[in-house]
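Contents: one structure, followed by commentary.
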Amino acid sequence: MLPQELVDRILDHLYKSPSALKACSQVSRAFYPRTRVHLFRCVNCHDPDDPRLFKMARESPELLQHIKRVEFQCLDYFLPNYEMSTIELMRSLSSSATLSLWDEGRRNEEGEKGCRWVDMLPTFVSSAPYLAITRLELLCPRLHNFLELHTVVLSLPNVTELSIDVLTMSRLDDALTPIHPNMLPVPRIKKMRIHALCFLSSEFWDGLSSPKYRPVYLDHLEELYVLRPAPSELSLVSNIISFTSKSLKVLHIECEQRHWALPRSSDITTGGHGLPPDTSPLHLNTVTDLRLGVILDKQALSFIDWWIKSFKAMSPLILERLTIGLGGPFLDVLNEPERLKKTFEELSDVLSKLVRNVDIVFQLHCPFRDVIMEALKEKENLRVFDLVENTREVPAFPVFPLPTGS
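The opening position of the sequence shown corresponds to residue 140 in the numbering used here, with each subsequent residue numbered one higher.
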């Protein structure tokens, strides 16, 4: 018989293949404990009428300890017929877990029945706390105001990470006011990821910076990831960063606009194009790991100019590490190679004085690589990476490395 340690190592390599894990679990009892760790790590809840989820919670409670992630891919799990079983499952989780809530509220606009945020909040809040939840993911949430979001967060006293994709927030301030959970410790968000806010995004940023909500979201924030903000939102992002005190260490901003991105109210004043000239520079004095990304299109140079402005506004403190991602489709700058080179020369000169370690990452093939490389001139504190796939992961080998000991 194989040693248990070797069995576990083999099964760990199969964690992405449920069918292989199920086959292994039938080979020997020695395989079964480790297969459960992977098979029940993530629970995807598609249909509340599927009895398997609630049956597992009732008849096999020992499996709950393996759950690290619960995805409710619709809010219908909080309809009256299912809400008590759903709440019981969430409160029965025994180890640190991620709660992912997908909002399919758009179905209601098409005449289909379904649960909305305003429908689920009273039961969700009154049944709090959910002590095992340490990470909250919200996908396409359609909220009336910031208070509704805050009420959900307050129901999770141990949550430290918040991720929001495609938020919609209306101006219906006179909507039903959620009930706050009583006598619960206030959560402290340490890591926040915001991706592609939609309508009335300024309401969200204003809520974060409000003195009423700042102690939960900003006072202890250590990592902030802002992906695909509208150009006119960047001043609001800069304002948020100024309120994070000295706790913020990792800042990741991707300055890119996709043609399929949903419209945002903050795009109205700029027509959805260009960076407003009065955009506030980033507050970078406490950040030690800065990650900036840009798509090399007609807006790219204005974004890079904004980076330079932010670096020049820094105090004499030195930034420890900067990673810059340069992606496609490389349109609309073909006619401006000289301006592109001049901009990167200025960026390179600024970075050589203010940043200890710089990584430039070319994502996909870049026709301007030679122009940019000429502008960078292989600075001593610079590494350049080439990626052949559209990924944010930096490869293990650079084109030319940092000096030994850097």
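Positions of the beta carbon are idealized from the N, C-alpha and C atoms, including for glycine. From a predicted model like this one, the values you see are computed outputs, not experimental measurements.
- [ ] Pick out whichever of Val-355, Thr-262, Ser-309 and Phe-285 has its Cα sitting closest to the Cα of Val-298.
- [x] As a position in the sequence shown, residue 298 is number 159, starting the count at 1. Residue Val-355 holds the alpha-carbon nearest to the alpha-carbon of Val-298 among Val-355, Thr-262, Ser-309 and Phe-285.
- [ ] Whole angstroms is fine: what's the gap from Arg-168's alpha carbon to Ser-199's?
- [x] In the sequence shown, the residue the question calls residue 168 occupies position 29. In the sequence shown, the residue the question calls residue 199 occupies position 60. So the two alpha carbons sit approximately 17 Å from each other.
Open item on the list: Measuring only the C-alpha atoms, how far is Val-497 from Leu-160?
Closed with: Residue 497 sits at position 358 when you count from the first residue of the sequence shown. Residue 160 sits at position 21 when you count from the first residue of the sequence shown. Rounded to whole angstroms, Val-497 to Leu-160 spans 42 Å at the Cα level.
Open item on the list: Using C-beta distances below 7 Å, list every residue in its chain close to Pro-157, excluding the 5 sequence neighbours before and after it, in chain order.
Closed with: Against the sequence shown, residue 157 aligns to sequence position 18. So the qualifying residues of the chain are Leu-178.
Open item on the list: Taking only three categories from DSSP, how would you classify Ile-380?
Closed with: Here residue 380 refers to the residue found at position 241 when the sequence shown is read from its first residue. Three-state DSSP puts Ile-380 in a helix.
- [ ] Would you mind reading off the limits of the beta strand (DSSP E) that contains Met-453?
- [x] Counted from its first residue, the sequence shown places residue 453 at position 314. Met-453 -> no beta strand (DSSP E), and no H or E assigned at all.
TODO: With a threshold of 16 other CB atoms inside 10 Å of the CB of Lys-155, please say whether the residue is buried or exposed.
DONE: To locate residue 155, count along the sequence shown from 1; it is residue 16. It counts as exposed.
Task: Paired residues, beta bridge with Gln-502 - DSSP - done: In the sequence shown, residue 502 corresponds to position 363, counting from 1. The partner list for Gln-502 (beta bridge, DSSP) reads Leu-526.
- [ ] Verify whether the separation of the beta carbon atoms of Phe-211 and Leu-232 is less than 8 Å.
- [x] Mapped onto the sequence shown, residue 211 falls at position 72. Mapped onto the sequence shown, residue 232 falls at position 93. Not in contact: Phe-211 and Leu-232 (Cβ atoms no closer than 8 Å).
Task: Alpha carbon of Val-176 to alpha carbon of Met-223, nearest angstrom - done: Within the sequence shown, residue 176 is the residue found at index 37, counting from 1. Within the sequence shown, residue 223 is the residue found at index 84, counting from 1. Rounded to whole angstroms, Val-176 and Met-223 show a C-alpha spacing of 26 Å.
- [ ] Report the three-state DSSP secondary structure of His-359 (helix, strand or coil).
- [x] In the sequence shown, the residue the question calls residue 359 occupies position 220. His-359 falls in the coil class under three-state DSSP.
Task: From Thr-237, Val-292 and Val-291, residue whose alpha carbon lies closest to that of Leu-271 - done: Numbered from 1 along the sequence shown, position 132 holds the residue referred to as residue 271. Contrary to the premise, residue 271 reads as Ala rather than Leu in this sequence. Out of Thr-237, Val-292 and Val-291, Thr-237 has the C-alpha closest to the C-alpha of Ala-271.
- [ ] Starting from Trp-256, follow its DSSP beta bridges and name the residues at the other end.
- [x] Numbered from its first residue, the sequence shown carries residue 256 at position 117. The beta-bridge partner set that DSSP reports for Trp-256 is empty.
Open item on the list: Output needed for Ile-443: all residues of its chain with C-beta closer than 8 Å, excluding positions within five of it in sequence on either side, in chain order.
Closed with: Indexing the sequence shown from 1 puts residue 443 at position 304. If we look at Ile-443 and ignore the five residues flanking it on each side, its Cβ neighbours are Val-433, Thr-482, Phe-483 and Leu-486.
- [ ] Could you name the residues of the same chain whose beta carbon sits closer than 8 Å to that of Ser-419, not counting the 5 residues immediately before and after it, in chain order?
- [x] One-based indexing of the sequence shown puts residue 419 at position 280. Same-chain partners within the cutoff: Leu-373, Ser-374, Ser-377 and Asn-378.
Task: Endpoints, alpha helix (DSSP H) assigned at Ser-348 - done: Residue numbering aside, residue 348 sits at position 209 when the sequence shown is read from its first letter. 340–348 is the extent of the alpha helix (DSSP H) around Ser-348.
Task: Selection from Ile-206, Trp-445, Ile-328 and Leu-214 that minimises the alpha carbon distance to Tyr-364 - done: Translated into the one-based positions of the sequence shown, residue 364 becomes position 225. Distance check between Tyr-364 and each of Ile-206, Trp-445, Ile-328 and Leu-214 places Ile-328 closest, using alpha-carbon atoms only.
Open item on the list: Taking the alpha-carbon of Thr-273 as reference, which of Ser-309, His-359, Leu-301 and Ile-457 has the nearest alpha-carbon?
Closed with: Along the sequence shown, one-based indexing puts residue 273 at 134. Measuring C-alpha to C-alpha distances from Thr-273 to each of Ser-309, His-359, Leu-301 and Ile-457 identifies Leu-301 as the nearest.
Task: Where Val-264 falls: helix, strand or coil (DSSP) - done: The sequence position of residue 264 within the sequence shown is 125, counting from 1. Three-state result, Val-264: helix.
Task: Limits of the beta strand (DSSP E) - the one that Arg-508 falls within - done: Residue numbering aside, residue 508 sits at position 369 when the sequence shown is read from its first letter. Where Arg-508 is concerned, there is no enclosing beta strand (DSSP E), although the alpha helix (DSSP H) around it starts and stops at 508–515.
Open item on the list: On the DSSP bridge list, what partners appear for Leu-282?
Closed with: Mapped onto the sequence shown, residue 282 falls at position 143. According to DSSP, Leu-282 bridges with Met-308.
- [ ] Return the bridge partner residues of Trp-446 from the DSSP annotation.
- [x] The residue given as residue 446 occupies position 307 in the sequence shown. None, per the DSSP bridge assignment.
Task: Enclosing alpha helix (DSSP H) for Leu-493 [first to last residue] - done: Taking the sequence shown and counting its residues from 1, the one referred to as residue 493 is at position 354. Here the alpha helix (DSSP H) through Leu-493 covers 476–493.
- [ ] Rank Ser-235, Ala-196 and His-289 by C-alpha distance to the C-alpha of Trp-256 and give the top, closest one.
- [x] On the sequence shown, position 117 is the one that residue 256 refers to. Relative to Trp-256, the option among Ser-235, Ala-196 and His-289 whose CA is nearest is His-289.
TODO: Report yes if the C-beta distance between Cys-181 and Leu-192 is below 8 Å; otherwise report no.
DONE: Taking the first residue of the sequence shown as position 1, residue 181 is located at position 42. Taking the first residue of the sequence shown as position 1, residue 192 is located at position 53. Contact flag unset, no.
Open item on the list: Which residues does DSSP list as the beta-bridge partners of Ile-328?
Closed with: Sequence index remark: in the sequence shown, residue 328 carries index 189 (1-based). Beta-bridge partners assigned by DSSP to Ile-328: none are found.
TODO: Spatial neighbours of Leu-461 within its chain, please: CB distance less than 6 Å, with the 5 preceding and 5 following residues excluded, ordered by chain position.
DONE: Along the sequence shown, read from residue 1 onward, the residue named residue 461 stands at position 322. Result list for Leu-461: Leu-429, Val-494 and Val-497, in chain order.
Open item on the list: Judging by CA-CA distance, which residue of Pro-326, Lys-437, Leu-282 and Asp-215 is the nearest neighbour of Pro-187?
Closed with: The sequence position of residue 187 within the sequence shown is 48, counting from 1. For the residues Pro-326, Lys-437, Leu-282 and Asp-215, the minimum Cα distance to Pro-187 belongs to Asp-215.
Task: Uninterrupted beta strand (DSSP E) stretches inside the segment 149–181 (no shorter than 3 residues) - done: Entirely contained in the segment 149–181, not one beta strand (DSSP E) run reaches 3 residues.
Task: Cβ-Cβ distance between Leu-278 and Asp-304 below 8 Å - done: Sequence index remark: in the sequence shown, residue 278 carries index 139 (1-based). Sequence index remark: in the sequence shown, residue 304 carries index 165 (1-based). Going by C-beta atoms, Leu-278 is nearer than 8 Å to Asp-304.
Task: Simplified DSSP assignment, three categories, for Ser-404 - done: Translated into the one-based positions of the sequence shown, residue 404 becomes position 265. In this prediction, Ser-404 scores a pLDDT of 44, lower than 50, which makes its location untrustworthy; no coordinate-derived value is stated.
Task: Boundaries (first-last residue) of the beta strand (DSSP E) holding Ala-196 - done: Within the sequence shown, numbered from 1, the residue matching residue 196 stands at position 57. Following the DSSP letters along the chain, one finds Ala-196 in no beta strand (DSSP E) but inside the alpha helix (DSSP H) bounded by residues 191–198.
Open item on the list: Taking the alpha-carbon of Pro-324 as reference, which of Ala-267, Pro-296 and Ile-333 has the nearest alpha-carbon?
Closed with: As a first step, residue 324 is located in the sequence shown; it is residue number 185 there, counting from the start. Taking only the C-alpha atoms, the option nearest Pro-324 is Pro-296.
Task: Chain-order list of residues whose beta-carbon lies under 8 Å from that of Leu-153 (same chain, five-residue window excluded) - done: As a working note, residue 153 is residue 14 in the sequence shown. A distance below 8 Å between beta-carbons, with the five flanking residues on each side excluded, links Leu-153 to the following residues of its chain, in chain order: Ala-159, Leu-160, Cys-163 and His-177.
TODO: Under the assumption that Leu-414 contacts Gln-438 (Cβ atoms under 8 Å), give the Cβ distance between them as a whole number of angstroms.
DONE: As a first step, residue 414 is located in the sequence shown; it is residue number 275 there, counting from the start. As a first step, residue 438 is located in the sequence shown; it is residue number 299 there, counting from the start. Rounded to whole angstroms, the Cβ separation of Leu-414 and Gln-438 is 7 Å, and the two are in contact under 8 Å.
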